[in-house]
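Our numbering puts the first residue of the sequence shown at 256, with every later residue one more than the last. Read the structure below first, then the notes.
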Amino acid sequence: MADISEYPLLGNKKEKFSNGLSILKGTVRDGFEGFGIADAKVEIYDDKDALVASTITNENGEYFLTLPGDKTIYR
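Listed below in structure tokens is the structure:
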């Protein structure tokens, strides 16, 4: 879960924006070996359970999403 409704602008904690974009980057890994899982589906939902964004991981289990910055997202 992540609240990106007031994400700090470029790491400056004093300056915030509420209607820009946010970046979500990560890796889906196997819980036992720690290897990245290719072709895993990543879905992001808002607090109203509406799909905000989705993607598929690359061959190393990595993903990158651009999200609206004025949302609270879950799962």
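From the three backbone atoms N, C-alpha and C, an ideal C-beta is built for every residue, glycine too.
For D285, three-class secondary structure by DSSP: For the purposes of this step, residue 285 is identified with residue 30 of the sequence shown, where counting begins at 1. Coil, per DSSP.
7 Å CB neighbourhood of G281 in its chain, flanking five on each side removed: By one-based count along the sequence shown, residue 281 stands at place 26. Cβ neighbours of G281 beyond the five flanking positions: Y318.
Through-space distance from D302 to S309, alpha-carbon basis: Residue 309 sits at position 54 when you count from the first residue of the sequence shown. Residue 302 sits at position 47 when you count from the first residue of the sequence shown. In a straight line, the C-alpha of S309 is about 16 Å away from that of D302.
Collapsed DSSP secondary structure at E314 in the structure displayed: The residue you call residue 314 lines up with position 59 of the sequence shown. If DSSP states are grouped into helix, strand and coil, E314 belongs with coil.
L276 versus I328: straight-line alpha-carbon distance, rounded: By one-based count along the sequence shown, residue 276 stands at place 21. By one-based count along the sequence shown, residue 328 stands at place 73. When rounded, the distance between both Cα atoms is 13 Å.
Proximal residues to I353 (C-beta, below 8 Å), its chain only, five neighbours per side dropped: Any property of residue 353 remains undetermined from this structure, which presents the chain solely from 256 to 330.
Beta-bridge partners of K280, as assigned by DSSP: Sequence index remark: in the sequence shown, residue 280 carries index 25 (1-based). Note: K280 sits in a beta bridge opposite F319.
Supposed close pair G289, N315 - CB separation, criterion 8 Å: Start at 1 with the first residue of the sequence shown, and residue 289 comes out as number 34. Start at 1 with the first residue of the sequence shown, and residue 315 comes out as number 60. Their Cβ separation, rounded to whole angstroms, is 12 Å, which puts G289 and N315 out of contact at 8 Å.
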